[in-house]
Amino acid sequence: MHQFLFLLFGAFCVGGAINLLVQKKTINSALSLIVVMGSLALIYLLLGAEFVAVVQVIIYAGAIMVLYIFVIMLLNAGAEEESKGSNVAKIFGIPGLFAGGMIGIWVLLQHRPEDKLIPIGALYGPADQVGMMLFTKYLLAFEVTSILVLIAIMGAVVLARRSNS
Amino acid sequence: MSALTFLIVAVIKIAITLGVLLTVVAYTVWLERKLVGRMQNRWGPSRVGPFGLLQPLADGIKFLLKEDLTPPYVEKNIYLLAPGLALIMALTSIAMVPIGPIIHLFGISTPVQITGVVDATTGQASDINVGILIVLGITSLGVYGIALAGWSSNSKYSLLGSLRASAQMVSYEVSLGLSLVGVLLMSSTLSLSGIVHAQLGTWFGFVPQWFIFRGQFVAFFIYMMAAFAETNRIPFDLPEAETELVAGYHTEYSAMKFAMFFMAEYANMVTVACIASVMFLGGWSGPPLHFLPAAIQAFLPLIWFSSKIFFFLFLYIWIRGTLPRFRYDQLMAFGWKFLFPLALANVVVTAFFVAIRA
Amino acid sequence: MTPLFQLWLVPILPLIGALTNGLLGKRFSKSAVATVALTATAASFVVACIQAAILLQSGSPALEQYYGTWIQAGNFSVNFGIYLDHLSLIMMLIVTGVGFLIHVYSVAYMEHEGGYYRFFSYLNFFMFFMLTLVLANNYLLMFVGWEGVGLASYLLIGFFFLKDSAANAGKKAFLTNRVGDFGFLIALFLLIQHFGTLHYGTLFVVQNSSLSHMPTETSAGVLTAIGLLMLVGACGKSAQIPLYVWLPDAMEGPTPVSALIHAATMVTAGVYMVCRSNAIFSRAPIALLAVAIIGTLTSFFAATIGITQTDIKRVLAYSTVSQLGYMFMAAGVAAYSASVFHLMTHAFFKALLFLGAGSVIHGIGGEQDMRKMGGLRKYMPWTFWTMLIATFAIAGIPPFAGFFSKDEILWQVFSSPHGSKIFWLMGAITAFMTSFYMFRLIFLTFTGEYRGAKPDAHSSHGSDDQGHGTPHESPWLMLAPLVLLGVLSIVGGWVGIGNRFEHFLDPVIQKVSTEQVSAQNGEAVTTPVGEGEGAAGESKSLENILMGVSVLIAFSGLALAWFLYVKRPELPEQIASSLGGVYRLVLNKYWIDELYSAVIIGPLVAFSRIVLWQTIDQKVIDGTVNESAVAARDVSQVIRQQQSGLVRSYAGWIAAGAAAVVAYMVWMGTR
Amino acid sequence: MIPISWYLLLSAFLFACGVTGFLIKRNIITLFMSIELMLNGVNLSFIAFATRLGTLDGHIFVFFVMVVAAAEAAVGLAIIISVYRTRETLNVDRVNLLKL
């Protein structure tokens with residue numbers, strides 16, 4: 006059951022990610038990204054992180070991606086135009102990327118033998134415990150992030166405001 | 101209970117709830133037309149069936165039989181996806197709502213709530229711990245239906261409508277969520293049934309200990325305002341302001357797809373009403389009426405719940421019949437400059453009192 | 031130590047004044063500027079008097095105050111400290127007192143000059159550094175003051191910097207001083223190397239000093255080297271041969287400046303330094319001899335030049351050089367007290383002379399040529415009388431101040447073991463010439479008929495914008511300092527009667543005589559045997575004879591001057607023409623400036639231009655820089671292709687780099 | 087029962103897809119979405135490790151990542167809008183005034 010669910014949502018993730026790459030229209034990429042996020046949220050649920058899962062849905066899918074969609078609609082971004090950029094990306098980036106990926110996989114396979122199996126809900130992260138940690142152990146970081154968000158808001162307002170106003 | 105029975109019970113509950121919900125939606129339309137008609141001193145639907153009671157059926161048939169045309173130059177798949185998305189999101193969140201307490205049928209005892217089960221140890225009804233958050237999440241996902249619809253149908257009216265809709269809904273979600281925080285603080289749980297349980301009991305035997313009576317009336321007001329905006333109802337129905345943008349985001353939709361948007365809107369109304377009643381009016385709980393016969397006593401929670409829902413639906417319609425439409429900047433200013441600070445203040449004050457009580 | 035003992039106030043107050051005027055003076059009114067400057071100086075003078083009183087009634091030979099460490103390098107440390115003994119006491123009082131009077135004078139004198147606030151801020155600035163110089167408790171701090179007064183004098187000489195001559199004179203003074211400072215610095219380095227400290231207390235106070243246990247160097251040694259190098263420094267600052275050339279040109283500055291810096295205080299810094307280092311010089315007879323010779327030559331030499339000069343201020347300048355030579359001569363025969371004594375009296379009467387000259391110049395609208403003066407006595411009687419007093423003083427006519435000091439010097443030169451008759455002879459001749467040219471100045475200026483044409487308003491000094499009709503007496507604000515200095519020039523010398531002054535300085539001067547040093551132990555040194563009295567006790571009669579001789583000399587100079595410039599005014603020209611070449615030689619100051627420019631400056635400039643500038647600077651240094659710049663540009667030409675402005679290519683690089691890092695980490699982790 | 091390496095592989099794959107998207111896509115909005123994808127991949131491994139190690143810190147870090155992502159999205163999209171106003175394009179290859 007657990008493996009089936011994981012494989013299902015993992016397949017969704019992979020599909021969405023790949024679709025994000027292959028789609029020419031920005032809106033489709035955005036939608037596939039939403040799919041990825043949704044299925045990630047469900048995978049979080051499998052891992053017992055229900056609060057994170059819900060927050061993932063609310064913040065990522067519900068707020069951030071809506072913002073993206075909004076901007077896409079605002080700028081009416083259609084299909085991306087084909088322009089020859091630099092080949093550096095293709096020449097160095099992707100091979101390096103795959104090299105890194107291979108190394109990562111290799112490392113993972115290296116450590117396969119003592120790999121722990123995670124039963125469903127092995128760790129149960131309910132909202133109250135998470136909140137408790139957030140407000141005791143990580144209080145400072147929490148406040149700092151609040152400042153960060155405040156600054157981000159102001160920056161966004163200043164940047165996006167029309168200059169003449 | 102075994103997994104099989106769990107599955108069966110779940111399916112049955114889903115089926116019943118969906119049926120009821122759709123019926124309610126259909127008859128909300130009828131009710132609206134009727135009431136508004138009366139408010140405007142006309143009859144409203146009265147031909148089909150007694151009091152026009154079969155009107156929704158007729159409408160449904162009409163939607164089904166109409167030609168389902170898809171305009172050219174639309175983003176085909178998204179254009180098709182959008183209404184379904186909207187409707188699904190609207191219908192899903194009802195699954196979290198605790199409609200009633202535990203009932204015992206055929207030796208199986210289960211709460212009247214799709215996602216609810218009976219806790220084997222305590223025998224109490226329990227459901228998803230983060231139910232309310234899931235509801236909020238699904239509501240926030242509901243934006244996509246409208247936004248995509250407006251954008252995909254490649255018409256400026258639709259685009260403007262969906263722009264308005266998405267901006268408005270995202271903005272008001274903030275106030276909506278914040279208005280609920282007070283209640284969550286007082287009930288110290290995120291599960292809806294838990295919240296309902298937190299509101300059981302009465303003062304002097306008849307005044308129910310609902311949160312609205314326990315100092316959350318400001319939050320209730322904020323919630324109602326935000327909910328009106330969330331569901332794009334008058335006075336916040338800017339996205340479909342027929343006088344400015346023909347029909348807003350569903351200008352280009354017709355037949356069943358239009359019907360889906362329609363149903364989505366009303367389903368949203370129902371959902372919002374459910375959440376409101378659960379959060380502020382104690383859900384299915386209510387002042388005990390001991391004088392009633394036991395047979396009715398058994399159904400009392402459902403009666404309470406449905407009456408509250410009816411009250412909210414009536415409120416919707418009433419306000420629609422009463423208030424004019426906002427201007428868009430007024431809408432945004434109201435949301436950000438009035439509701440949002442008010443909700444924050446409410447949160448702070450509530451937290452203060454809760455802290456004192458603790 | 032009493033709370034009133036706050037030595038730091040003495041230098042700081044003028045600094046405050048300088049900063050106030052320098053930073054805000056532009057906005058001040060002239061009176062405000064003057065008030066600030068005068069208040070600062072007066073306060074400093076008062077404080078100085080208080081400190082002096084404290085020192086004297088404390089009875090201790092010296093008081094010292096530390097204000098924190100300045101340099102701490104290994105076991106060598108220099109600290110901000112102020113050291114007040116009888117020597118620096120005298121200097122301090124001279125500087126603050128005369129300085130104050132000259133400030134007062136300047137208020138009126140500079141009335142019509144531009145840059146009023148600038149002038150006073152510089153003047154206070156100078157006071158600050160001069161006080162630092164005399165009050166420092168170690169040579170390095172003294173050097174700071176030393177350089178500071180150099181800077182101040184540069185600024186003040188070039189005060190009318192619009193005039194080329196003024197600017198050049200300033201530069202000349204500065205550069206010449208640099209030569210001296212060079213020697214002084216090396217002397218300091220030697221001190222550090224050999225004694226590990228520059229602190230007077232450690233160096234000179236007998237108990238804890240390695241210096242005071244050193245024997246007298248019969249042959250050249252480290253002390254001799256230090257002494258000679260210090261002498262170089264002193265020559266630079268005190269305008270001795272061969273570095274005296276800057277002082278006459280320094281007369282380009284405003285007259286109060288000449289009075290304060292180039293007569294009373296700064297130029298005596300060298301003398302002060304030599305006297306301060308008497309412990310070193312007394313142990314280095316060769317250096318001492320050099321001091322004496324240079325002093326004698328300078329005094330004689332400058333006096334001869336002084337005879338022929340016609341510019342009133344230049345005459346005074348050369349007489350200053352000559353008098354400084356006197357002081358060096360005295361110091362050179364280990365008669366430090368006499369030297370300081372003459373320093374003091376000279377400060378009085380030479381300042382008076384300059385101020386008087388300034389008053390004259392001011393009175394006749396900036397004319398400085400004595401041949402265009404004359405008969406000013408009836409126009410400006412106050413100036414005349416005061417200057418006459420000063421002339422008597424410098425000529426060494428009793429009972430005026432100069433007589434005592436000069437006579438003391440001559441006697442010491444004659445009698446002291448380091449001295450010799452030749453010195454005495456030259457000194458006497460110099461005295462004769464001195465009185466001659468001084469009275470020549472007086473007669474030319476004040477007697478006879480006014481030879482000046484109607485002076486134009488805008489002549490040599492600055493923008494003196496008040497049109498002068500007939501010569502007129504200066505305002506009382508300028509006369510008051512004259513009078514006060516006149517009084518001082520009369521009574522200033524009386525402190526020397528009966529060697530009181532000498533005894534006053536005893537604690538400062540280490541008596542080092544050969545046998546004491548051969549005995550070579552602390553207590554022998556610590557018991558001072560007054561050399562002067564010893565000598566005086568034996569040969570009082572001889573001293574009286576010499577005294578009479580010098581008085582005679584002075585009067586004869588007066589007589590000759592009278593004869594030549596009042597009785598037979600036509601004679602000088604005849605003499606000049608008959609002397610011919612010699613006269614021209616002297617008139618042109620022995621072509622020393624031309625000689626220097628030919629021998630030193632010309633080659634130096636040529637070397638700098640051809641080798642340093644055109645070869646090293648342009649070819650080597652600039653070449654290196656330019657070539658490296660070109661190389662950098664060429665490399666960049668290649669590299670900048672990478673800056674395509676395409677975000678994705680940057681991202682590609684980042685990804686590649688990250689992958690490389692990951693690979694490296696994994697590799698490190700798995701091996 | 088799922089070995090943790092599966093989660094890690096999934097997250098690595100998502101991250102790799104994000105990087106690839108960043109490298110090959112031209113639309114600036116898509117680039118931002120690729121960044122979001124990378125962040126999500128990282129989040130997944132956070133959660134997986136949190137479960138594996140039996141501590142909740144991973145969840146907290148995910149929150150912080152989300153906050154940063156939200157801030158980045160807000161500012162980034164604002165920048166995109168202003169860029170679009172001035173350059174009239176969303177193609178990063180055309181937004182290259184900074185070169186040479």
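Residue numbers (this note's numbering), protein chains in the order written: chain A, 6 to 170; chain B, 101 to 458; chain C, 31 to 701; chain D, 87 to 186.
Quick reminder that beta carbons are idealized off the backbone N, C-alpha and C, glycines included.
{"Asked": "Three-pair Cβ contact test at 8 Å for the region 366-375 of chain C versus the region 405-417 of chain C", "Found": "no"}
{"Asked": "Beta strand (DSSP E) segment containing C:Y97, residue limits", "Found": "A92 to A103"}
{"Asked": "7 Å Cβ cut-off: residues of chain E touching A:L45", "Found": "Absent here is chain E; the protein component of the structure consists of chains A, B, C and D."}
{"Asked": "D:A164 versus C:F155: straight-line alpha-carbon distance, rounded", "Found": "60 Å"}
{"Asked": "Chain-ordered neighbours of D:E174 on chain A, where CB pairs are closer than 7 Å", "Found": "Under the 7 Å cutoff, chain A gives no residues; its nearest Cβ is about 10 Å from D:E174."}
{"Asked": "Neighbour-count burial assignment, C:A636, 16 or more Cβ in a 10 Å radius", "Found": "exposed"}
{"Asked": "Exposure label - C:V390; buried when at least 16 CB within 10 Å", "Found": "buried"}
{"Asked": "Nearest-angstrom Cβ-Cβ length linking C:V63 and C:Y146, presumed shorter than 8 Å", "Found": "6 Å"}
{"Asked": "Neighbour-count burial assignment, B:T221, 16 or more Cβ in a 10 Å radius", "Found": "exposed"}
{"Asked": "Interface partners of C:A685 on chain D, CB under 7 Å", "Found": "V105 and L109"}
{"Asked": "At least three beta-carbon pairs within less than 8 Å, the region 175-194 of chain B to the region 247-255 of chain B", "Found": "yes"}
{"Asked": "Boundaries of the beta strand (DSSP E) in which B:P201 is found, first to last residue", "Found": "G200 to L205"}
{"Asked": "Proximity test, Cβ basis, 8 Å: B:N332 and chain A", "Found": "no"}
{"Asked": "Collapsed DSSP secondary structure at B:V148 in the structure displayed", "Found": "coil"}
{"Asked": "Backbone CA spacing between C:R401 and C:F225 [nearest angstrom]", "Found": "56 Å"}
{"Asked": "C:D115 burial status per 10 Å Cβ neighbour count (16 or more: buried)", "Found": "buried"}
{"Asked": "For C:S446, three-class secondary structure by DSSP", "Found": "coil"}
{"Asked": "Spatial distance of B:S406 from A:A68 (CA atoms)", "Found": "32 Å"}
{"Asked": "Beta carbon proximity, D:D179 to chain C, threshold 8 Å", "Found": "yes"}
{"Asked": "Beta carbon proximity, C:S674 to chain D, threshold 8 Å", "Found": "yes"}
{"Asked": "Partner residues on chain B for A:I63, Cβ-Cβ distance less than 7 Å", "Found": "L233, L236, G237 and S240"}
{"Asked": "Selection from B:S262, B:S266 and B:Q140 that minimises the alpha carbon distance to B:I417", "Found": "B:Q140"}
{"Asked": "Contact list for the region 19-47 of chain A against chain D, Cβ threshold 8 Å", "Found": "V19, A22, I23, L25, L26, T31, S34, A35, L38, V41, M42 and L45"}
{"Asked": "Beta-carbon spacing of C:A420, C:L382 below 8 Å", "Found": "yes"}
{"Asked": "In chain order, each alpha helix (DSSP H) run of at least 4 residues that lies wholly inside the region 340-408 of chain B", "Found": "355-380"}
{"Asked": "Minimum Cβ-Cβ distance from A:I77 to chain D less than 8 Å", "Found": "yes"}
{"Asked": "Nearest-angstrom Cβ-Cβ length linking B:L423 and B:L131, presumed shorter than 8 Å", "Found": "Contact flag wrong, Cβ pair sits at about 18 Å."}
{"Asked": "Own chain, CB closer than 6 Å to A:V62, minus 5 neighbours either side, in chain order", "Found": "A46"}
{"Asked": "Residue span of the beta strand (DSSP E) that contains C:N109, given as start and end", "Found": "F106 to D115"}
{"Asked": "Pairwise C-alpha distance: C:A693 and A:A132", "Found": "38 Å"}
{"Asked": "Chain A contact for B:A247 (CB, 8 Å cutoff)", "Found": "yes"}
{"Asked": "Residue from C:Y152, C:N529, C:Y467 and C:I324 with nearest C-alpha to C:P286", "Found": "C:Y152"}
{"Asked": "Short Cβ contact (8 Å threshold) for C:M140 with C:P284", "Found": "yes"}
{"Asked": "Beta-carbon spacing of D:V105, D:M119 below 8 Å", "Found": "no"}
{"Asked": "B:A364 and B:A126 closer than 8 Å at C-beta", "Found": "no"}
{"Asked": "Endpoints, the beta strand (DSSP E) within which B:S102 is located", "Found": "First-last for B:S102: undefined, no H or E at that position."}
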